[in-house]
Each structure stands twice: as structure tokens, then as C-alpha cells.
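Shown next, in C-alpha cells, is the structure this report addresses.
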Amino acid sequence: MAATVVRRALRSDHAAGWALAGPAVLLIVVFGVVPIVWSAILSFQRTNLLSPPVWVGLANYRALPKDPYFKQSMIHAAIYTALFVPLSIAGGLFTAIALNRKIRGVRFYRTAVFVPVVVSTIATAIIFLWVFDPHFGLANWLLAKVGLGPFGFFESPTGALYSMVLMTTWGWIGFDVIVYLAALQGIPPELVEAAQIDGARTWGIFRSVTLPLLGPVTLFLVVWSSINALQLFDEVYLATAGGPGTATYVPVFYLFKLAFLQGVAGYAAAIAYVLFIVILALTIVQLVVGKRMVFYSS
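Per our numbering, residue 975 is the first one in the sequence shown, and the count goes up by one each step.
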């Protein structure tokens, strides 16, 4: 009886499915679920990942409101997100509209817009370190032509974070363009023709037809861009290392520095979970608000 059950199980589609999905599931468990659970336990401990941990309960979380660097990093993350999300989405939308036309070389332009997305973060950082160099950078050279500058950009305590916004917007706008371009090409042409017959001009068509039908895509990009912005790390680590001073400290960079450079892993894990709660809450708010404002066509 038992042998029959085993043979049936091995011959079933479930066995084949699990055999194919097994390696992926194992990777998710090992590199996803285990680190999440382990970091949750670490957030209640005082440890440097080498010596035996000491259980401290909620002490790490209680210390967060008193930490000026944590507060500063959260403020920087909020400012960065508030600028990066609308700039990348608006820029992506209008660029996609410009590329959604029959013009000579449009394939080249579409490819050129998307190239920064696939370029490594290291290459992007190197490019902008050169472009924004205060002495021989291209940006200051162009500004000098109109009598402005020179500006420190990444070396300025007041401008480094905004320079980071410009760099990352350039690096990620291509993703928004491709998504919007696909959505624009999915808009039924008869709706546009009907609006034109009713006398709608270009702006009227955009406001009354195009923009509402792009609602689901816009909501997706808002949520995705917000999550991406609040987890900013690579660009900060490579371009400014949190500087000058702490001008570009963001939560992920701060917790990385605590955990791997200063050996304060338990406190860093607590920061990670606070950031997770902030991202989760913001995502839920965006989805709830977006559900009321977004039109989903059948």
C-alpha cells in the first residue's frame, strides 16, 4: 500500500512541479527567509556577529529615537524619496510620450534611454563623479559658459543629497520610460479617435484619455519607486560614502556602517526592521489611496 502511494506521488504532476521548483524554493529559504528571521532575532540582541550575543529585549528599538544619526538618515530618505519619485515618474511619462511616435531612429532613442538602467551602479557613480567634479567636470564647464558656478555637487554639504537625486533619476528613468511606453501602446486607438471627433485637442486627450488609462501603471511605478528610494544604498556608498560629513546618510547606508564597520549588528538590525515597517506602511497607504483613484479597465 505504501509503495503504491509513493509510486503515484512520484508520477503525479505535483512531484514534477516540486522537482522543478525545488532549487528556487531552497534558494529563497536559505537567502531570503533565514536572513529575515535571523535579523529579527538580532534586533533584540547586542552583538557584533563574532562574539556571543547578549539578549537586550527592546533596548535597541528604544535607543532609536535618541539617535541623531538615525533621525538624520530618515529625514534624508524622506527628502530623497519626495524628490526622486515624482521626478523619475514625470520624466519617464513625458519621455515615453515623446518616444511613442513614428520618428526616424526611434528604436535608437528608446535603447539609449534604457541603457542607464542596465549599466552597473559602479559605472554610473564613476560617470557622475567625473561630470560633477568641481574642477574639471562637464557640469561646471557648461555652467561656466553661462556665468554660473563652480558648484561642489557631491562635495557640498547642502547640495550632495540633491546631486544624488539627479544621478539616480538619470539612472532609473529608463525603467519608467519602458513601462510607460508599453502602457501607451496598449491604449485602444479608437478611444483617442473618439476624443478627437469630440473636438479634444492634444492636452485634452492626454488629460481625459491617456492619463486615466495609465493610472494602474502609474500606481505601480509610485509604489516601486518609493520602495526603491527608501532602500537607497549603492549610489551613496560609491559616490559619497555618506558624506560630506553626514550629508548623504540614509538608513540602509547607516545600518551597513553600524553592522559591518562598527560591529553594532543588533542595533543595525533594529534599524532595518523600522525601515521595513515604514516601507510597508507607506506601501499600504499608497495602494489604498490608489485603489480609489485608479481606473482599471476590463
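For each residue, glycine too, the CB sits at the ideal point set by N, CA and C.
Self-check item: Segments of 4+ residues assigned as alpha helix (DSSP H) that fall wholly inside the stretch 1140-1173
Solution: Unbroken alpha helix (DSSP H) stretches of 4 residues or longer found wholly inside the stretch 1140-1173: 1163-1171, given in chain order.
Quiz prompt | Runs of alpha helix (DSSP H) wholly within the stretch 1219-1247 (minimum 4 residues, chain order) | solution = 1225-1230
Self-check item: Alpha carbon of Gly1031 to alpha carbon of Phe1058, nearest angstrom
Solution: For the purposes of this step, residue 1031 is identified with residue 57 of the sequence shown, where counting begins at 1. For the purposes of this step, residue 1058 is identified with residue 84 of the sequence shown, where counting begins at 1. Each residue's alpha carbon lies about 36 angstroms from the other.
Quiz item: How many angstroms separate the CA atom of Gly1091 from the CA atom of Thr1257?
Solution: Residue numbering aside, residue 1091 sits at position 117 when the sequence shown is read from its first letter. Residue numbering aside, residue 1257 sits at position 283 when the sequence shown is read from its first letter. What sits at residue 1091 in the sequence shown is Val, not Gly. For Val1091 and Thr1257, the distance between alpha carbons rounds to 23 angstroms.
Quiz item: Per DSSP, Gln1019 forms a beta bridge with which residues?
Solution: For the purposes of this step, residue 1019 is identified with residue 45 of the sequence shown, where counting begins at 1. Bridge partners of Gln1019: Trp1029.
Quiz prompt | Span separating the alpha-carbon of Gly1148 from that of Phe1088 | solution = Looking up residue 1148 in the sequence shown gives position 174. Looking up residue 1088 in the sequence shown gives position 114. The straight-line gap from Cα to Cα measures roughly 4 angstroms.
Practice problem: Within the same chain, show all residues whose beta-carbon is closer than 6 angstroms to that of Leu1249, passing over the 5 residues directly before and after it, in chain order. | Solution: Taking the first residue of the sequence shown as position 1, residue 1249 is located at position 275. The answer, listed in chain order, is Pro1225.
Quiz prompt | Cut-off 6 angstroms between Cβ atoms - residues of its own chain near Pro1186, not counting five sequence neighbours on either side | solution = The residue you call residue 1186 lines up with position 212 of the sequence shown. Closer than 6 angstroms at Cβ, skipping near neighbours: Phe1269.
Exercise. For Ile1053, name the three-state secondary structure that DSSP assigns.
Key: Indexing the sequence shown from 1 puts residue 1053 at position 79. Reduced to three states, the DSSP call for Ile1053 is helix.
Exercise. Spell out a yes or no on whether the stretch 1191-1200 and the stretch 1149-1169 are touching, meaning 3 or more CB-CB pairs, one atom from each, closer than 8 angstroms.
Key: yes
Quiz item: CB-CB under 6 angstroms to Leu1067, same chain, minus the five flanking residues each way: which ones, in chain order?
Solution: By 1-based counting over the sequence shown, the position of residue 1067 is 93. Same-chain partners within the cutoff: Tyr1154.
Quiz item: Any idea if Ala1213 is buried or exposed, counting beta-carbon neighbours within 10 angstroms, 16 or more meaning buried?
Solution: If you number the sequence shown from 1, residue 1213 lands on position 239. So Ala1213 ends up on the buried side.
Quiz item: What do you get for Asn1022, buried or exposed, if any count of 16 or more other CB atoms within 10 angstroms of its CB means buried?
Solution: Taking the sequence shown and counting its residues from 1, one reaches residue 1022 at position 48. Exposed, because fewer than 16 other Cβ atoms sit within 10 Å of the Cβ of Asn1022.
Quiz item: Is there contact here, the stretch 1105-1114 with the stretch 1194-1211, by at least three beta-carbon pairs under 8 angstroms?
Solution: Using a Cβ-Cβ distance cut-off of 8 angstroms, the stretch 1105-1114 and the stretch 1194-1211 are not in contact, since fewer than three pairs of beta carbons, one from each stretch, lie closer than that value.
Quiz item: For the alpha helix (DSSP H) that Ser1200 lies in, which residues bound it at each end?
Solution: Along the sequence shown, one-based indexing puts residue 1200 at 226. Here the alpha helix (DSSP H) through Ser1200 covers Gly1189 to Leu1204.
Self-check item: Reduced DSSP category for Ile995 - H, G, I as helix; E, B as strand; rest coil
Solution: Against the sequence shown, residue 995 aligns to sequence position 21. In the sequence as presented, Ile is not what sits at residue 995; that position holds Ala. Residue state, collapsed to three classes: helix.
Practice problem: Under 6 angstroms Cβ to Cβ from Phe1207, same chain only, skipping five residues before and after it: list those, please. | Solution: As a working mapping, residue 1207 is identified with position 233 in the sequence shown. For Phe1207, where only same-chain residues beyond five positions count, the Cβ hits under 6 angstroms are Val1226 and Phe1227.
Quiz prompt | Phe1044 classed as buried or exposed, judged by whether at least 16 other C-beta atoms fall within 10 angstroms | solution = As a working note, residue 1044 is residue 70 in the sequence shown. Looking at its Cβ environment, which holds 16 or more other Cβ atoms inside 10 Å, Phe1044 is buried.
Self-check item: Counted within 10 angstroms of its Cβ, other Cβ atoms place Val1139 as buried (16 or more) or exposed
Solution: Within the sequence shown, residue 1139 is the residue found at index 165, counting from 1. With 16 or more other Cβ atoms within 10 Å, it is buried.
Quiz prompt | Contacts around Ala1014, its chain only, beta-carbon distance under 7 angstroms, and the 5 residues preceding and following it disregarded | solution = Reading the sequence shown from its first residue, position 40 is the one you call residue 1014. Only Tyr1247 meet the Cβ criterion.
Self-check item: Cβ distance (whole Å) where Phe1082 is taken to contact Phe1106 below 8 angstroms
Solution: The residue you call residue 1082 lines up with position 108 of the sequence shown. The residue you call residue 1106 lines up with position 132 of the sequence shown. Going by Cβ atoms, the distance from Phe1082 to Phe1106 rounds to 27 angstroms, so no, they are not a contact pair.
Quiz item: Of the choices Lys1231, Ser1137, Phe1125 and Val1238, whose alpha-carbon is the least far from that of Ser1047?
Solution: Translated into the one-based positions of the sequence shown, residue 1047 becomes position 73. Answer by Cα proximity: Lys1231.
Practice problem: Name the residue from Pro1026, Gly1079 and Phe1018 whose alpha carbon lies nearest to the alpha carbon of Leu1038. | Solution: By one-based count along the sequence shown, residue 1038 stands at place 64. Considering only alpha carbons, the answer is Phe1018.
Quiz item: If you drop the 5 nearest sequence neighbours on each side, which residues of the same chain put their C-beta closer than 8 angstroms to that of Ile1179?
Solution: The residue labelled residue 1179 in the question sits at position 205 within the sequence shown. Around Ile1179: Val1166, Ala1169 and Gln1170.
Self-check item: Contact under 8 angstroms by Cβ, Gly1216 with Pro1131
Solution: In the sequence shown, counting from the first residue as 1, residue 1216 sits at position 242. In the sequence shown, counting from the first residue as 1, residue 1131 sits at position 157. No, Cβ-Cβ distance for Gly1216 and Pro1131 is not below 8 angstroms.
Exercise. Kindly give me the distance between the Cβ atoms of Arg1020 and Val1028, rounded to whole angstroms, as I take these residues to be in contact under 8 angstroms.
Key: Within the sequence shown, numbered from 1, the residue matching residue 1020 stands at position 46. Within the sequence shown, numbered from 1, the residue matching residue 1028 stands at position 54. Arg1020 to Val1028, Cβ: 5 angstroms. Contact.
Quiz item: Out of Ala1243, Gly1123 and Ile1253, which has the shortest C-alpha to C-alpha gap to Pro1009?
Solution: Along the sequence shown, read from residue 1 onward, the residue named residue 1009 stands at position 35. Per the Cα distances, Ala1243.
Exercise. Quick one: residues in its chain with C-beta nearer than 7 angstroms to the C-beta of Ile1253, no 5 flanking neighbours on either side, listed in chain order?
Key: Position 279 of the sequence shown, counted from the first residue, corresponds to residue 1253. Ile1201 and Leu1204.
Quiz item: Whole-angstrom Cβ separation of Asp1150 and Leu1195, contact assumed at under 8 angstroms?
Solution: For this step, residue 1150 is matched to residue 176 along the sequence shown. For this step, residue 1195 is matched to residue 221 along the sequence shown. About 6 angstroms; that satisfies the 8 angstroms criterion.
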